[in-house]
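Counting with mature numbering (1 follows the signal peptide of the UniProt record, and there is no 0), you get residues -18 to -1, 1 to 216 for the letters of the sequence shown.
Positions of the beta carbon are idealized from the N, C-alpha and C atoms, including for glycine.
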Amino acid sequence: MFFIRLIGLLCCLAVGNCVDYDIEDRVLVLNDSNFDAAIKEHKHVFAMLDVICMDKCEALVPKLAKAAKQLEEEGSDIKVAKVYATFKGLLVWKYTQSLPKLMFFRNGHPVDYKGSHTIEEMIQWVKKKTEPPAQILSTVDDARIFVNSARVTIVGFFKNQTSLEAKEFLKAAYTIDRHAFAITSGDAVYKELGASKDGVMLFKKVSAVQWKLVAHHKLDLHHVSEQREVPSSY
């Protein structure tokens, strides 16, 4: 084992890109010193963060191993990690409000996992997080189907989908699990959904075949998405 780790260490030093960590049951074992480098090395990482492994953590560890095994067998690039931070390091203060904490990192961008600790739900969730955060609406039919696909849907209207506003919209869509998101730049879709300019619209389904606009907001998407009843000021 030592010889294998030594060879791996020498190889990665030779190419100038080395992240040294242990792997237990296909799960990366990280800490304050190697966490940031590992997140940069791997595009998708589902991680459990804790200070010391207490009862809840002990119960999660075998589930993480099973999830890592299933993802690897499916050919997924998602890595599973357990991260043991210390109170002297920055990780515990940066990410942990309750312990243990499950998070997913996509290109270094974190999002909290708030679902159950079943293997099936965790795997389903992380797979979804590797997909585009917002569905692209190219046609009127796409738009009609989307706004009727869920009780509440949120659509971003951006002629330039590389603009700062569009990027902020996609960032919010990535972190919010509660509602379905879509994005469009098509004139026909703008007209169909009643958008006269760039911005964000929230639609609420009122029957099986009807929907209505209940908000047009472009500043605080998290605030709008969490509203049970949209204020009349919108």
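Residue 26 classed as buried or exposed, judged by whether at least 16 other C-beta atoms fall within 10 angstroms: buried
Buried versus exposed, by CB contacts within 10 Å (16 or more), residue 146: By the neighbour-count rule (16 or more Cβ atoms within 10 Å), residue 146 is not buried but exposed.
Residue 182 in three-state terms, based on DSSP: strand
Boundaries of the alpha helix (DSSP H) in which residue 128 is found, first to last residue: 122 to 129
Where residue 34 sits in the DSSP three-state scheme: Residue state, collapsed to three classes: coil.
Whether residue 140 touches residue 98 by CB criterion (7 Å): Contact flag unset, no.
Range of the contiguous beta strand (DSSP E) that encloses residue 73: For residue 73, no beta strand (DSSP E) segment is defined; the enclosing uninterrupted segment is the alpha helix (DSSP H) at 73 to 77.
Per-residue DSSP class, three states only, for residue 4: Residue 4 falls in the strand class under three-state DSSP.
Span separating the alpha-carbon of residue 81 from that of residue 15: Rounded to whole angstroms, residue 81 and residue 15 show a C-alpha spacing of 20 Å.
Residue nearest to residue 83 in terms of C-alpha spacing, selected from 91, 74 and 89: 74
Closest residue to residue 29 among 67, 153 and 138 (Cα-Cα distance): Answer by Cα proximity: 67.
Exposed unless 16 or more other CB atoms sit within 10 angstroms - verdict on residue 112: The residue in question, residue 112, is exposed, as its Cβ has fewer than 16 Cβ neighbours within 10 Å.
The stretch 86 to 106 / the stretch 151 to 161 touching (three or more Cβ pairs under 8 Å): At 8 Å Cβ cutoff, the stretches touch.
Chain-order list of residues whose beta-carbon lies under 7 Å from that of residue 103 (same chain, five-residue window excluded): 97.
Rounded C-alpha distance that separates residue 61 from residue 46: 10 Å
DSSP beta-bridge partners of residue 112: BP columns for residue 112 are empty, so no partner.
CA nearest to the CA of residue 143, picked from 118, 64, 133 and 130: 118
Through-space distance from residue 72 to residue 64, alpha-carbon basis: Cα to Cα, residue 64 sits roughly 16 Å from residue 72.
DSSP three-state assignment for residue 61, whether helix, strand or coil: strand
Through-space distance from residue 32 to residue 38, alpha-carbon basis: The straight-line gap from Cα to Cα measures roughly 10 Å.
Contact under 7 Å by Cβ, residue 161 with residue 129: no
Residue 12 and residue 20 closer than 7 Å at C-beta: yes
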